[in-house]
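Below: one structure, written as structure tokens.
There are 2 protein chains.
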Amino acid sequence: MACGEFDLIARYFDRVRSVRRDVAVGIGDDCALLSVDEKKLIAVSTDTLVSGIHFLPDISPADLGYKSLAVNLSDLAAMGADPAWLSLALTLPEVNEPWLAAFSDSLFDLLNYYGMQLIGGDTTRGPLSLTLTIQGLIPAGSALTRSGARIGDWIYVTGTLGDSAAGLAILQDRLTVAEKADRDYLLSRHLRPQPRILQGQALRKLASSAIDLSDGVIADLQHILKRSDCGARLFLDEIPRSAALLRQTSMEQSLQWALAGGEDYELCFTVPEINRGALDVALGHTGADFTCIGQIGPKSEGIQFISNNRPVENIWLGYDHFRE
Amino acid sequence: MACGEFDLIARYFDRVRSVRRDVAVGIGDDCALLSVDEKKLIAVSTDTLVSGIHFLPDISPADLGYKSLAVNLSDLAAMGADPAWLSLALTLPEVNEPWLAAFSDSLFDLLNYYGMQLIGGDTTRGPLSLTLTIQGLIPAGSALTRSGARIGDWIYVTGTLGDSAAGLAILQDRLTVAEKADRDYLLSRHLRPQPRILQGQALRKLASSAIDLSDGVIADLQHILKRSDCGARLFLDEIPRSAALLRQTSMEQSLQWALAGGEDYELCFTVPEINRGALDVALGHTGADFTCIGQIGPKSEGIQFISNNRPVENIWLGYDHFRE
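Here the protein sequences line up with chains G and L, keeping their order.
Counting with UniProt numbering, you get residues 1 to 324 for the letters of the first sequence.
Counting with UniProt numbering, you get residues 1 to 324 for the letters of the second sequence.
In structure tokens:
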């Protein structure tokens, strides 16, 4: 069957399910055309996912469609932005229609949930990979950046950490979990991370800085510290871990995954003392758990790990693709 | 030498050469933050280039840096937009510093020429490929789309067609050109296409539709015809070809490459009879050649090829990645 590139795009991705009023021209021209309210800023982020590096080659197309967008949404969450538009570049080794149908169904479910519109992209033949460029909108002056943390601010994370690393270990046969409920939970935390869009928006006027946790809290917190010119004390005993993770691994393993396992896509953020009460109310309303795990200190002290009120040596580093 | 992903990005791509006032946050946070004048629309386009498909594996990094951006700029040109921001996703098999230096120098030369800013992206390990998402700005109501062509409008192209296909044929040893000047010219037309940004802007109030020529004029014109619900007559004897191409190939070969060779990145556009005089002035001022190659007709007549005032059969089709 003859199946041209343009037919392909039209069939699976040119779905007019979500039509935003700010999209003057969508898929099908040389460019999409978008309008923006002058009081808003655009937040833009790009993520590439390569088969065998960012996802296992046997991942289901539905999980891949969900996760690739969820990971990209997580960057918007870390800025406090409202999701708006997606550009999708899809490189495929072959035209596999059931794969495309499952992938695009899953992607559109998440797009539609957030009122987003797919505005364009590219489809090419080659080794399986995806690049997503997501755009969101945010009232001018209220974006969360990495550079606003100040000495004395409290360091928080949403949710629990380390579950995604455990889910990956299950998929790679490095961890065996007999209990079905725990196994399903840990796998879903790896394959279906929940972007913290609502929480990012709730933090707009309360947090002094924020980042999403893709490489593990140690590595990601260091981006905040570098941009904010600060140090930090991290309370290891407070690092939040799920009951499933604690049941299925040793304390040491769960802590290592929580600190440096990566792909949790929770938010890490800093809050001045004066905003802590308001934070409890605002984040409480979103229904998400959140935990204070440390405090910003002077740059000269670097990053210190504290357990039982005593310093602990730093032995772990976050995942870094090109580190040798 | 330890060389982390973030060092890499910082060293080669976080250059603050071009600082636009509309970029509130650039590279280095979860998202870039951009502001837009309310009277402007944003034009967005994404292109993926895969090694061995869109460029030869032995292409020089300087040519690749130039061409990948030029191809993306060509989409903005086809809408009449002013170039503004670039997101770059780069997938590399290994960290090769001389390659990165040459690639990024060349990319930044072109970015700086157009007053653009690199606002973010992603760097990952994997088979060599690039995805660029370019954004431009355009006064509301003046974008050139594919859907505005009307019966009787004249069809034009800028520059000459087929040179890029001849340049590719030289690189692939399918064409031998002894004369150095012609060889250099044809190679540069393939490796260093000139995006028609100025011409696109000059066409804003004059053209009824426009597209850039990536797949060959037959294939690309059909996108205008489909979106505009029209047909066309194409005057084969008028298809503009360079002196170098005519010297180095047969008439038939030059016409085939001009019609279906692809990668010329010239503009194809339609102009109502009443705007033809103004077009001569406006495009003349940009210094680019342009040629009337046909006329829009009713949809029922499809696309007709005319030579010596007689119809000719259509035997060629544009390049289509997934056509079997």
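Here a beta-carbon is modelled for each residue, glycine too, at the ideal position from N, C-alpha and C.
Determine, using beta carbons only, whether residue i and residue j come nearer to each other than 9 Å.
{"i": "Thr123/L", "j": "Val50/G", "result": "no"}
{"i": "Leu41/L", "j": "Val44/G", "result": "no"}
{"i": "Leu64/L", "j": "Ser106/L", "result": "yes"}
{"i": "Leu203/L", "j": "Leu267/L", "result": "yes"}
{"i": "Asp14/G", "j": "Asp75/L", "result": "no"}
{"i": "Thr46/G", "j": "Thr133/L", "result": "yes"}
{"i": "Gly159/L", "j": "Asp289/L", "result": "yes"}
{"i": "Leu118/L", "j": "Pro61/L", "result": "no"}
{"i": "Glu38/L", "j": "Asp37/G", "result": "yes"}
{"i": "Leu175/G", "j": "Thr249/G", "result": "yes"}
{"i": "Ala140/G", "j": "Ser35/L", "result": "yes"}
{"i": "Leu161/L", "j": "Trp257/L", "result": "yes"}
Give the straight-line distance between the Cα atoms of residue i and residue j, rounded to the nearest whole angstrom.
{"i": "Tyr156/L", "j": "Leu221/L", "result": "10 Å"}
{"i": "Ser152/L", "j": "Asp280/L", "result": "Before going on, a small fix: residue 152/L reads as Gly here, not Ser. When rounded, the distance between both Cα atoms is 18 Å."}
{"i": "Leu128/L", "j": "Asp215/G", "result": "23 Å"}
{"i": "Leu234/L", "j": "Leu90/L", "result": "40 Å"}
{"i": "Asp88/L", "j": "Thr291/L", "result": "Asp is not the amino acid found at residue 88/L; the sequence shown has Leu there. Taking the straight line joining both Cα atoms gives about 35 Å."}
{"i": "Ser242/G", "j": "Pro195/G", "result": "18 Å"}
{"i": "Arg239/L", "j": "Ile224/L", "result": "The displayed chain sequence assigns Ile, not Arg, to residue 239/L. Their Cα atoms are separated by approximately 18 Å."}
{"i": "Arg189/G", "j": "Asp163/G", "result": "6 Å"}
{"i": "Phe6/L", "j": "Gly28/L", "result": "Reliability of the predicted coordinates at Phe6/L is poor, the pLDDT of 49 falling under 50, and the value obtained from them is presented with this limitation in mind. The straight-line gap from Cα to Cα measures roughly 9 Å."}
{"i": "Leu317/G", "j": "Phe55/G", "result": "At Leu317/G the pLDDT is 43, less than 50, meaning the model places this residue with poor confidence; the figure from the coordinates comes in the next sentence. Each residue's alpha carbon lies about 20 Å from the other."}
{"i": "Gly121/G", "j": "Val71/L", "result": "14 Å"}
{"i": "Leu73/G", "j": "Asp82/G", "result": "9 Å"}
{"i": "Leu213/G", "j": "Ala219/G", "result": "9 Å"}
{"i": "Pro126/G", "j": "Pro98/G", "result": "Sequence check: residue 126/G is Gly here, not Pro. Cα to Cα, the separation comes out at about 18 Å."}
{"i": "Met299/G", "j": "Pro193/L", "result": "For the record, residue 299/G in the displayed sequence is Lys; it is not Met. Taking the straight line from one Cα to the other gives about 49 Å."}
{"i": "Val95/L", "j": "Phe108/L", "result": "19 Å"}
{"i": "Val25/L", "j": "Asp237/L", "result": "52 Å"}
{"i": "Ser254/L", "j": "Ala244/L", "result": "10 Å"}
{"i": "Gly52/L", "j": "Leu69/L", "result": "18 Å"}
{"i": "Asn309/L", "j": "Arg11/L", "result": "60 Å"}
{"i": "Met251/L", "j": "Ser307/L", "result": "13 Å"}
{"i": "Trp154/G", "j": "Tyr185/G", "result": "29 Å"}
{"i": "Thr131/G", "j": "Phe269/L", "result": "30 Å"}
{"i": "Leu191/L", "j": "Ala102/L", "result": "15 Å"}
{"i": "Arg276/L", "j": "Phe305/L", "result": "22 Å"}
{"i": "Leu86/G", "j": "Arg20/G", "result": "12 Å"}
{"i": "Lys180/L", "j": "Ile59/L", "result": "19 Å"}
{"i": "Asp320/L", "j": "Gly284/L", "result": "Residue confidence is low: Asp320/L scores 44 on pLDDT, short of 50, so the model does not pin down where it sits. Its coordinate-derived value is still stated next. In a straight line, the C-alpha of Asp320/L is about 33 Å away from that of Gly284/L."}
{"i": "Ser142/L", "j": "Tyr265/L", "result": "21 Å"}
{"i": "Gln135/G", "j": "Gln135/L", "result": "11 Å"}
Quick check on the burial criterion: 16 or more other C-beta atoms within 10 angstroms. Buried or exposed for residue i?
{"i": "Pro57/G", "result": "exposed"}
{"i": "Ala178/G", "result": "exposed"}
{"i": "Ile274/G", "result": "exposed"}
{"i": "Lys67/L", "result": "buried"}
{"i": "Asp229/L", "result": "exposed"}
{"i": "Glu263/L", "result": "buried"}
{"i": "Val271/G", "result": "buried"}
{"i": "residue 341/L", "result": "This structure cannot settle anything about residue 341/L, because the visible part of chain L is limited to 1 through 324."}
{"i": "Met1/G", "result": "The predicted position of Met1/G is uncertain, since its pLDDT is 30 and thus under 50; a value taken from the coordinates is nonetheless stated next. With fewer than 16 Cβ atoms within 10 Å of its Cβ, Met1/G is classed as exposed."}
{"i": "Pro93/L", "result": "exposed"}
{"i": "Gly294/L", "result": "buried"}
{"i": "Glu324/L", "result": "Note on Glu324/L: pLDDT 34, under 50, position unreliable in the model; the coordinate value appears next. So Glu324/L counts as exposed."}
Just checking my contact of residue i with residue j at CB under 8 Å: how many whole Å lie between their CB atoms?
{"i": "Gly227/L", "j": "Ser147/L", "result": "Reading off the sequence, residue 227/L comes out as Arg, not Gly. Indeed, because the Cβ distance is near 4 Å, the residues count as touching under 8 Å."}
{"i": "Gly302/L", "j": "Gly231/L", "result": "5 Å"}
{"i": "Ser209/L", "j": "Thr145/L", "result": "6 Å"}
{"i": "Arg247/G", "j": "Asp182/G", "result": "6 Å"}
{"i": "Leu187/L", "j": "Ala278/L", "result": "So it is not a contact: roughly 36 Å between Cβ atoms."}
{"i": "Val217/L", "j": "Leu259/L", "result": "6 Å"}
{"i": "Ala78/L", "j": "Ile211/L", "result": "5 Å"}
{"i": "Ile296/L", "j": "Ala149/L", "result": "5 Å"}
Indicate whether the contact test is met: 3 or more Cβ pairs, each with one atom in the region 110 to 122 of chain G and one in the region 110 to 124 of chain L, closer than 8 Å. no
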